[in-house]
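To start, the structure under review is shown below, and the notes come after it.
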Amino acid sequence: MNIPLCRLLVLSACKTGLVETSHTDDYVGLSSAFFYAGARTVVASLWKVDELAATLVTLRLYQILPDYPSVTVALQAAQTWLRGLSSADILDWLKQEQKATEEELEEVEDRLDLFYDPPFAEACYWSAFTAAGL
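Counting along the sequence shown from 1, when you hit position 84 you're at 769 in our numbering, and nothing is skipped either side.
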């Protein structure tokens, strides 16, 4: 694999940022494979993440990235944004900014009903993602 023009690679699945421990001093992990292939920056998670929270952070990151000087600063802004949102804010953002369908909004609303408001204020929902690279 050769991806030298890849500025940002987001691995939003669970534990994609973890490094295998081995008997060598080499950094062995999924992110390192993408760095070796030419990716400049990799965003990955350090633990099991909530699917909706991961989706929202990723969507927001891509939305605001052009307005920030680096991926790390944009990721921090996306995480800060998520932790301060109420359920109503999330639904409004999905409808207005992401043009979610009524069916999609209903599905998210049903999911949000399982949380206290604000649903993603606790660090376990937004702080799993880290950015590494340039």
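C-beta: ideal position from N, C-alpha, C; glycine also. No experiment lies behind these values; they were computed from the predicted model shown.
Inter-residue spacing [alpha-carbon to alpha-carbon] between residue i and residue j
{"i": "C691", "j": "F805", "result": "30 angstroms"}
{"i": "Y810", "j": "A724", "result": "26 angstroms"}
{"i": "D798", "j": "P751", "result": "33 angstroms"}
{"i": "C699", "j": "K733", "result": "4 angstroms"}
{"i": "S697", "j": "L746", "result": "12 angstroms"}
{"i": "G714", "j": "Y753", "result": "27 angstroms"}
{"i": "S812", "j": "V793", "result": "21 angstroms"}
{"i": "L783", "j": "D777", "result": "Reading off the sequence shown, one finds Gln at residue 783, where the question assumed Leu. Going by the C-alpha atoms only, they are around 9 angstroms apart."}
{"i": "E787", "j": "A762", "result": "28 angstroms"}
Opening and closing residue of the alpha helix (DSSP H) in which residue i lies
{"i": "A718", "result": "715-722"}
{"i": "Q783", "result": "Q783 -> no alpha helix (DSSP H), and no H or E assigned at all."}
{"i": "E736", "result": "736-749"}
Cβ separation of residue i and residue j, assumed to be a contact under 8 angstroms, to the nearest whole Å
{"i": "Q764", "j": "F814", "result": "7 angstroms"}
{"i": "L767", "j": "A738", "result": "7 angstroms"}
Outcome for residue i when other beta-carbon atoms lying within 10 angstroms are tallied against a minimum of 16
{"i": "S730", "result": "buried"}
{"i": "I688", "result": "exposed"}
{"i": "L819", "result": "exposed"}
{"i": "A773", "result": "exposed"}
{"i": "A722", "result": "exposed"}
Residue i: first and last residue of the uninterrupted beta strand (DSSP E) it sits in
{"i": "T726", "result": "726-730"}
{"i": "T820", "result": "Examination of residue 820 is not possible in this model, given that the chain is present from 686 through 819 alone."}
{"i": "V677", "result": "Shown here, the chain extends from 686 to 819; a query on residue 677 therefore has no answer."}
Cβ-Cβ distance between residue i and residue j below 8 angstroms
{"i": "T726", "j": "V756", "result": "yes"}
{"i": "L790", "j": "K780", "result": "yes"}
{"i": "S716", "j": "G702", "result": "yes"}
{"i": "I775", "j": "L741", "result": "yes"}
{"i": "L694", "j": "F719", "result": "yes"}
{"i": "V728", "j": "A816", "result": "yes"}
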